[in-house]
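Trainee: When you read off a place in the sequence shown, starting at 1, and then add 128, the result is the number in the working numbering.
Here you go, one structure.
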Amino acid sequence: MTRGNMSRRGLLKGALAVGGGGLIVAAAGGQVVAKSSRLASKNMPTPYTAMFRRPPVLMPTEQGVDEKGPFHRYRLTQCVGQANILPGLTTTIAGYNGIFPGPTIKVPQGTRSEVRIANKLTVNPLHGKPFSTVTHLHGSASLPQYDGYANDQTYPGQCKTYKYPNWQQARTLWYHDHNHMTTAQNVFAGLAAQYHLSDQYERAQLPQGEYDVPMIVNDMAFNADGSVAFDGEANAGFMGDVILANGVPWPKMRVKPRVYRFRMLVASISRSYRFALSTGDPLYVVGNDAGMTPQVNAVPSYRHAPAERYEILIDFRKYKPGQKIELRNLSNKNNVDFANTGKVLQFEVVADPAGPDPYVIPKTLDLGPQPFMNRGAIEVHKLKPEMAKVRRTLRLERKHGIWTVNGETWDDVEKTNFQRVVSNPQPYDVEMWDLVNESGGWYHPLHIHLIDAKIIARNTTPDGKAHAWEGGGKDVFYLGENETVTALMQFTTGDGNAGGRYMTHCHNLVHEDNDMMIQFAVGDINVNDPIHSDAAYADTEAEKPVMYAPSYPLGT
Numbered sequence: 129m130t131r132g133n134m135s136r137r138g139l140l141k142g143a144l145a146v147g148g149g150g151l152i153v154a155a156a157g158g159q160v161v162a163k164s165s166r167l168a169s170k171n172m173p174t175p176y177t178a179m180f181r182r183p184p185v186l187m188p189t190e191q192g193v194d195e196k197g198p199f200h201r202y203r204l205t206q207c208v209g210q211a212n213i214l215p216g217l218t219t220t221i222a223g224y225n226g227i228f229p230g231p232t233i234k235v236p237q238g239t240r241s242e243v244r245i246a247n248k249l250t251v252n253p254l255h256g257k258p259f260s261t262v263t264h265l266h267g268s269a270s271l272p273q274y275d276g277y278a279n280d281q282t283y284p285g286q287c288k289t290y291k292y293p294n295w296q297q298a299r300t301l302w303y304h305d306h307n308h309m310t311t312a313q314n315v316f317a318g319l320a321a322q323y324h325l326s327d328q329y330e331r332a333q334l335p336q337g338e339y340d341v342p343m344i345v346n347d348m349a350f351n352a353d354g355s356v357a358f359d360g361e362a363n364a365g366f367m368g369d370v371i372l373a374n375g376v377p378w379p380k381m382r383v384k385p386r387v388y389r390f391r392m393l394v395a396s397i398s399r400s401y402r403f404a405l406s407t408g409d410p411l412y413v414v415g416n417d418a419g420m421t422p423q424v425n426a427v428p429s430y431r432h433a434p435a436e437r438y439e440i441l442i443d444f445r446k447y448k449p450g451q452k453i454e455l456r457n458l459s460n461k462n463n464v465d466f467a468n469t470g471k472v473l474q475f476e477v478v479a480d481p482a483g484p485d486p487y488v489i490p491k492t493l494d495l496g497p498q499p500f501m502n503r504g505a506i507e508v509h510k511l512k513p514e515m516a517k518v519r520r521t522l523r524l525e526r527k528h529g530i531w532t533v534n535g536e537t538w539d540d541v542e543k544t545n546f547q548r549v550v551s552n553p554q555p556y557d558v559e560m561w562d563l564v565n566e567s568g569g570w571y572h573p574l575h576i577h578l579i580d581a582k583i584i585a586r587n588t589t590p591d592g593k594a595h596a597w598e599g600g601g602k603d604v605f606y607l608g609e610n611e612t613v614t615a616l617m618q619f620t621t622g623d624g625n626a627g628g629r630y631m632t633h634c635h636n637l638v639h640e641d642n643d644m645m646i647q648f649a650v651g652d653i654n655v656n657d658p659i660h661s662d663a664a665y666a667d668t669e670a671e672k673p674v675m676y677a678p679s680y681p682l683g684t
């Protein structure tokens, strides 16, 4: 469905439950809404009083081996739930299985997964109406019909079974809503969760189990009754005044004097972060969007945009029991900060009866003979400029009040019956893309679906190369104000010559919903139609019990 001349803002006008306390901050190329919560003092969270918690781990409903190899099957239900985020109030959210964050899915490399997702969202917490959904497994080389194409919608009362190949190297992925024009509000309402792909090399070299911690950070704002307050009218972005870690405002986490691995995901709509420890001690970056990094880089801080994943090690062995350390947010240019948005969570060191931790923080990591089960693919760290068949430029800018990529929007794609593409490489082709932010005083986290890419140049670093924390493969590219990134990428689905159409868009979700999205195609642009192949269908099956793995104690 195309919108003709009707603007995105016109479609949303009056649809969102906003509440007061909003602050409109002018930014070049638009306005960002910064909203302070309208909570009574007794209902406003106090940093470092609530206990940290981990999202539950979803167990498969079925697993086995067929002619294609091992598989896991999972079931998720998108439904309304009640969250205890604020003291003395409950907050209605829309979540996977009715919780935020949704349950973590864990799959070993080489095991295919099928995830049946049912839409039972008869009420949107933001506007009180039913709403359609699209689920994108961000970081997966999925076929187009399972990639979460924005127009491949699942309506209330329907379900869709997504199939994921899981041939890529171990990594932290996440699944979230990608519905056309309402991605920001749907994710803000709670449709976000992590998905972990493991392999033998990652398991042998990085902390596991209790010391492998999923961490989803986002900002929110609340109305006086505890409901979420969101405003997508100003199309530059939205920022709230409450920072959540795994759905808990500024939590306190008990840690032992050991090395912990944190899988950091920013699920904010627009806010970027610059994470650092209050002690000034280093954060050891061991993983990125596409998994482990060849080199381990110790950094005092790093910047983190929405949708990026960074895996970091924190060494708590030098601290004594009772000592408290904060993970802080030093912020970045053009964020709108509030009194406590510089805080994220507090670690409190407790004694470890097991004795000293013998783990040695590595300087390099062995990625193994990657990628698995896709012999035509080139491991992302081995890509070289001379492999590129073509060099392209994507310019992100604001034209005539519209966010565009190369002067185009998703509306332009729709008007061609989804045939317009910015690039049409053949399977296994390598291309070099220059990603240019020309929108003045705003940053863009640009996400390219399907691919892993290697950053080979950045125009704002002293040496013209990637930042130290960007050494791994990337699928989201932080394009700061007037920044240009050059990236090498190979196009492969891991399924022979299969291909089709994939999206590229800004992951400031307000920008995406205001049509800052285009597409490319691999091979035949009409194969594996992302809208009609294996589409959503009527949900007639009875609900089945949800099975979660045993969880760790609250606060750890």
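Each residue gets a CB set at the ideal place from its N, CA and C atoms; glycine is no exception.
1. What are the start and end residues of the beta strand (DSSP E) that includes V356?
2. Straight-line CA distance for K170 to L393?
3. Does the structure place the region 659–671 close enough to the region 632–639 that three or more beta carbon pairs sit under 8 Å?
4. Where A718 and F466 are concerned, what is the direct C-alpha to C-alpha distance, given to the nearest angstrom?
5. Helix, strand or coil for M644, going by three-state DSSP, please let me know.
6. Quick check: N457 and A404, are their CB atoms within less than 9 Å of each other?
7. If you run the structure through DSSP and keep just helix, strand and coil, what is V315?
8. On the DSSP bridge list, what partners appear for N425?
9. Roughly how many whole angstroms lie between the Cα atoms of K257 and V251?
10. To which residues of the same chain is P673 closer than 6 Å at the C-beta, ignoring the five residues directly before and after it?
11. Taking Q206 as the reference, give the member of G599, Q547, A482, A317 with the closest Cα.
12. Between the beta-carbon of F199 and the beta-carbon of T261, is there less than 9 Å?
13. Could you spell out where the alpha helix (DSSP H) holding E542 opens and where it closes?
14. Quick check on the DSSP output: what are the complete beta strand (DSSP E) runs of length 3 or more inside the region 420–505, in order along the chain?
15. Would you mind sorting P188 into buried or exposed? The rule is 16 or more other CB atoms within 10 Å of its CB.
16. Looking at the strands, I want to know which residues DSSP matches up with H572.
17. Determine the closest residue to K234 out of D540, A222, G337, E195, with distance taken between C-alpha atoms.
18. From M644 to P658, what does the alpha carbon distance come to, in whole angstroms?
19. Taking the alpha carbon of G568 as the point to measure from, which residue in K602, W531, G599 has its own alpha carbon closest?
20. When you compare only the Cα positions, how much space is there between I440 and G496?
21. Can at least three beta-carbon pairs, one atom from the region 574–585 and one from the region 611–625, be found at a separation below 8 Å?
22. Kindly indicate which residue of H595, F546, E669 has the alpha-carbon position closest to the one of H660.
23. Does the structure place the region 284–303 close enough to the region 373–387 that three or more beta carbon pairs sit under 8 Å?
24. Do you know offhand how far S165's Cα is from T521's?
25. Beta-carbon within less than 6 Å of P272's beta-carbon, same chain only, minus the 5 sequence neighbours each way: which residues are those?
26. Could you name the residues of the same chain whose beta carbon sits closer than 7 Å to that of D443, not counting the 5 residues immediately before and after it, in chain order?
27. How close, in whole Å, do the beta carbons of V549 and A670 come, if the pair is a contact with beta carbons under 8 Å?
28. Please identify the residue among R399, L411, N374, Y401 whose C-alpha is closest to the C-alpha of R389.
29. Counting along the chain, where does the alpha helix (DSSP H) carrying E195 start and finish?
30. Measuring alpha carbon to alpha carbon, tell me which residue in T289, V356, T300 is nearest A312.
31. What distance in whole Å lies between the Cβ atoms of M179 and L682, which are believed to be in contact at a cut-off of 8 Å?
32. So what's M172 in DSSP terms, helix, strand or just coil?
33. Report the residue from T289, P434, H639 whose alpha carbon sits nearest the alpha carbon of Y202.
34. Relative to the C-alpha of I245, which residue among L254, H264, F228, K163 is closest?
35. Would you kindly work out how many angstroms separate the C-alpha atoms of A626 and G368, rounded to a whole number?
36. What residue range is occupied by the uninterrupted alpha helix (DSSP H) comprising R331?
Mentor: For this structure:
1. No beta strand (DSSP E) contains V356, which DSSP labels as neither H nor E.
2. The alpha-carbon atoms of K170 and L393 are separated by roughly 30 Å.
3. Too few Cβ pairs lie closer than 8 Å, so no.
4. What the structure shows of the chain is the stretch from 129 to 684, and residue 718 is not part of that stretch, so it cannot be assessed.
5. coil
6. yes
7. Reduced to three states, the DSSP call for V315 is helix.
8. V413
9. 5 Å
10. Excluding sequence neighbours, P673 sits near nothing in its chain.
11. A317
12. no
13. Element bounds for E542: 538–543.
14. 429–432, 437–443, 452–457, 471–477
15. buried
16. Beta-bridge partners of H572 (DSSP): L607.
17. G337
18. 19 Å
19. W531
20. 20 Å
21. Verdict: yes, contact present.
22. F546
23. no
24. 41 Å
25. The answer, listed in chain order, is G628, R629, N656, P658.
26. V387, I489
27. In fact, because the Cβ distance is near 42 Å, the residues do not count as touching under 8 Å.
28. L411
29. No alpha helix (DSSP H) contains E195, which DSSP labels as neither H nor E.
30. Taking only the C-alpha atoms, the option nearest A312 is V356.
31. The distance from the Cβ of L682 to that of M179 is about 5 Å, consistent with a contact at the 8 Å cut-off.
32. coil
33. T289
34. H264
35. 42 Å
36. 328–333
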